[in-house]
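Residues 1 to 565, numbered by the UniProt record's numbering, are exactly what the sequence shown covers, in order. All C-beta atoms in this analysis are idealised placements derived from N, C-alpha and C, irrespective of residue type, glycine included. Computed from a prediction, not measured in an experiment: that's the story for all the values here. Below: one structure, written as structure tokens.
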Amino acid sequence: MMDDPALSRLSRDSMARVRRAWTRTGMFLPILIGVIGIGTTGVAWWRAREAAQAQQSSLMSSLAKSHRGRVYEIVRRDLWDFRALADMWRILGVPEQGKWAFEIELFLATHPSVVSVGWVDSMGTLNRFASRDTTLVSLSTEQLTLAATHLRRPTPEAARTDTTSQELTYLLAVRTPADSLGVAVATLSPRALFTQLGASASPLVSFRVRTASGSEVFHSATAAPGVPPWLRRSMEFTTILGSDWTIEYEPTREFMASVASQWPSFLLLTGFLLSLASFAIGFQMLRLHDYSRALRESNEELGVQLASLSTRDQALRQLNDDLELRVEQRTGELREAVIELEAFTHSISHDLRSPIGAIQNLAAVIEEDYRERLDPEGHRLLLRIRTAGDSATRLLDRLTQFAWIGGRQVSRVRLDMTQIARESFAVVSSGPVVSGPVRFELAELPPAMGDPELLESIFENLFSNAIKFTRDQPTPTVVVRAERGETENTYVVSDNGIGFDPDAADSLFEPFRKLHSTKEYQGSGLGLAIVAKSVRRLSGRIWAESNGAGGAKFYFVLPGAPEHS
């Protein structure tokens, strides 16, 4: 870091200026303004906090009253719905066991606070029973006794009893159309009721329910820690059945976060900062002159440094321009070299085709005109000449195709991959590479965006490669499938051939790369290189897998296309 003499001198002088400034009589007014400002800020903060607490208290009371009303509404709804169910039995009669079980199962599903429903006939016998709890198979003895007592009343009315500290029993006498008197019994669970309420209650409040005896029935979400007493609420609640409950409400963390007001703190901080600012303004006015002089000296030195930096910047800009020009020249040279290489490859394949064709024609003439004059060794050499000529022709075809892929204009259209794969296999399977029947399994392939000629080249070379290396299998098999992605699709061509060494998978797509003996499996070594180059021209990726013991899988990824264009 560069040492600035002017700034160093300014740092030393500043402390001396501060010490002298405190001794001046002009500092009294900034101090007085600061003290008055802090006092006013404290009063405003206190009043703002009181207003925020009043608002929070009012909101807490409103939430507690709303929740208590919801409790009363659910209890009244469940009891009235049960009365309506009993009235239906009074008019239509108690249904058969199967229909009755279905009705009660539906009733329990829509009334979570009701845990069981039973029907006690005129003899005081439990005739029907259904419970949410599968381990509960009957009413309690106390409930059956209450039902029998209820039947003996001159005018049966709804009654309630605390069968346990956690449940309520609702009994309703019903006279069926057959003039048979019975009692419909419903067991309500406060815990189930408040569990239902807790699932739909406001996340701003936590509530705890206690019975008249003081035992806890339900406790919802955890309250916020350190809740002040003025935010707690306790409300008495009496149900339609006459049961007394106490509901205690406390705010949750969500409540405290939603009602937290930053205004008191903002006012306190703002007033404090304004007071400090008033003091600082007076203090800074005393130092302004010293800073101005130091800044003038520093600006002079900075001007010299900026002039030096400007010179460096010009040199760097010139160097960057030269570098860009060289990169552009090298890029042009590389592009010309690629074009010349492709032209050379095309020219070689074209110029060599004529002499190779002449050699093959001469060999055919010799075989036809001098067949009887040649001994077995002559026929063998002539066969080698023709075989070598065929291999050279295939190599030239591959070289031409390899150069053609790099120089052609690639189109981007929606392609039916299933149709292309089927037609490509038909072309390959009818050629000389096939020595017997080949099993071909083709799944429905998703469409892709690409060039139809390049896709035909990809499939034909992969199929030709697969058929060549499966010819010694009892049932040569080639399988084509695909996996659809969001923006691209993965296509897989697999076979049950001899496979390849997994360690050589990375070099499998290099030109003239052969992993097997040429005597056993003839080929130019360009088929997979053509496939890889075609996939890359289509903005795709390709790789291969094999376990080395047999079988190979070739994966290539292409941009997907919509089902309907």
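Cβ distance (whole Å) where residue i is taken to contact residue j below 8 Å
i: alanine 174; j: tryptophan 89; result: Alanine is not the amino acid found at residue 174; the sequence shown has valine there. Contact flag correct, Cβ pair sits at about 5 Å.
i: leucine 139; j: leucine 181; result: At roughly 18 Å, the Cβ-Cβ gap does not stay under 8 Å, so leucine 139 and leucine 181 are not in contact.
i: valine 531; j: isoleucine 458; result: 5 Å
i: isoleucine 498; j: glycine 550; result: 6 Å
i: glutamate 460; j: valine 428; result: 5 Å
i: serine 494; j: alanine 552; result: 7 Å
i: leucine 171; j: arginine 83; result: The pair is not a contact, with the Cβ atoms about 11 Å apart (cut-off 8 Å).
i: threonine 487; j: leucine 445; result: Going by Cβ atoms, the distance from threonine 487 to leucine 445 rounds to 17 Å, so no, they are not a contact pair.
i: phenylalanine 425; j: tyrosine 491; result: Actually they are not in contact, since the Cβ atoms of phenylalanine 425 and tyrosine 491 sit about 14 Å apart, beyond 8 Å.
i: valine 209; j: proline 225; result: Contact flag wrong, Cβ pair sits at about 21 Å.
i: valine 227; j: threonine 176; result: Rounded, the Cβ-Cβ distance is 54 Å, inconsistent with contact.
i: histidine 111; j: aspartate 87; result: At roughly 16 Å, the Cβ-Cβ gap does not stay under 8 Å, so histidine 111 and aspartate 87 are not in contact.
Nearest neighbour of residue i, chosen from the options [CA to CA]
i: arginine 481; options: Ala101, Phe194, Phe554, Ile104; result: Phe554
i: residue 642; options: Ala178, Ser61, Gln53; result: Outside the modelled stretch of the chain, which goes from 1 to 565, sits residue 642, for which no answer is possible.
i: tryptophan 100; options: Ser430, Arg128, Val75, Trp80; result: Arg128
i: tryptophan 45; options: Thr270, Gly527, Gly485; result: Thr270
i: residue 582; options: Phe440, Pro474, Thr487; result: The requested residue 582 is not part of the displayed model; the chain covers only 1 to 565.
i: threonine 135; options: Val115, Met123, Glu73, Phe102; result: Val115
i: residue 624; options: Asp87, Leu295, Leu558; result: The structure shown does not extend to residue 624, since the chain spans only 1 to 565, so no value can be given for it.
i: alanine 250; options: Ala64, Thr169, Val117; result: Contrary to the premise, residue 250 reads as glutamate rather than alanine in this sequence. It is Ala64.
i: alanine 144; options: Ala130, Leu126, Ala192; result: As written in the sequence, residue 144 is leucine, which differs from the alanine given in the question. Out of Ala130, Leu126, Ala192, Leu126 has the C-alpha closest to the C-alpha of leucine 144.
i: serine 58; options: Phe255, Gly118, Gly98, Gln473; result: Phe255
i: glycine 540; options: Ile366, Arg412, Arg312, Pro511; result: Arg412
i: isoleucine 366; options: Arg471, Glu377, Leu382, Pro355; result: Leu382
i: arginine 68; options: Val137, Gln53, Met235; result: Met235
i: alanine 257; options: Thr169, Ala529, Val205; result: Val205
i: phenylalanine 500; options: Thr311, Ser66, Leu526, Phe469; result: Phe469
For residue j and residue i, the rounded distance between their alpha carbons
i: leucine 538; j: alanine 561; result: 13 Å
i: leucine 273; j: alanine 48; result: 18 Å
i: valine 304; j: asparagine 320; result: 25 Å
i: valine 71; j: asparagine 489; result: 56 Å
i: alanine 21; j: isoleucine 36; result: Here alanine 21 scores only 49 on pLDDT, less than 50, and its place in the model should not be relied on; the value that follows carries that caveat. C-alpha separation (whole angstroms): 22 Å.
i: glutamate 96; j: alanine 148; result: 22 Å
i: arginine 253; j: phenylalanine 194; result: 20 Å
i: aspartate 121; j: valine 185; result: 11 Å
i: glutamate 142; j: glutamine 56; result: 47 Å
i: isoleucine 385; j: aspartate 369; result: 16 Å
i: phenylalanine 107; j: arginine 232; result: 36 Å
i: glutamate 328; j: glutamine 318; result: 15 Å
i: glutamate 545; j: leucine 508; result: 10 Å
i: residue 566; j: arginine 373; result: In the structure as shown, the chain starts at 1 and stops at 565, and residue 566 therefore has no counterpart that could be examined.
i: serine 165; j: alanine 192; result: Here the model assigns serine 165 a pLDDT of 45, short of 50, so the residue's position is not dependable, and the following value carries that caveat. Approximately 14 Å, taken between the alpha carbons.
i: alanine 130; j: serine 61; result: 40 Å
i: arginine 132; j: glutamate 248; result: 28 Å
i: threonine 477; j: serine 534; result: 24 Å
i: leucine 276; j: alanine 315; result: 49 Å
i: asparagine 547; j: arginine 484; result: 25 Å
i: glycine 450; j: isoleucine 542; result: 15 Å
i: aspartate 313; j: aspartate 322; result: 14 Å
i: alanine 364; j: proline 355; result: 14 Å
i: glutamate 453; j: glycine 431; result: 19 Å
i: arginine 471; j: leucine 325; result: 56 Å
i: threonine 23; j: threonine 41; result: At threonine 23, the pLDDT of 49 sits below 50, so the modelled position is not reliable and the matter cannot be decided from this model.
i: glutamine 53; j: leucine 146; result: 51 Å
For residue i, three-class secondary structure by DSSP
i: serine 411; result: coil
i: leucine 168; result: strand
i: alanine 54; result: helix
i: alanine 21; result: Summary for alanine 21: the model assigns pLDDT 49, below 50, so the residue's position carries little reliability, and this model does not support an answer.
i: glutamate 372; result: coil
i: lysine 553; result: strand
i: residue 597; result: A query on residue 597 cannot be resolved here, the shown segment of the chain reaching from 1 to 565 and no further.
i: residue 566; result: Nothing can be reported for residue 566, as the shown portion of the chain is limited to 1 through 565.
i: alanine 178; result: coil
i: proline 190; result: helix
i: leucine 558; result: strand
i: arginine 153; result: coil
i: glutamate 444; result: coil
i: valine 535; result: helix
i: serine 61; result: helix
i: valine 137; result: coil
i: valine 205; result: strand
i: valine 227; result: coil
i: valine 43; result: helix
Closer than 8 Å to chain B by CB, residue i
i: arginine 380; result: Looking for chain B here will not work: only one protein chain is present.
- Quick one: complete beta strand (DSSP E) runs, 3+ long, within the stretch 88-126? Those beta strand (DSSP E) runs which fall completely within the stretch 88-126 and span 3+ residues are 114-120.
- Going along the chain, which unbroken runs of the beta strand (DSSP E) with 3 or more residues stay wholly within the stretch 449-524? Those beta strand (DSSP E) runs which fall completely within the stretch 449-524 and span 3+ residues are 477-484, 488-495.
- Whole beta strand (DSSP E) elements within the stretch 300-333, 3-residue minimum: For the stretch 300-333, not a single whole beta strand (DSSP E) run of length 3 or above is found.
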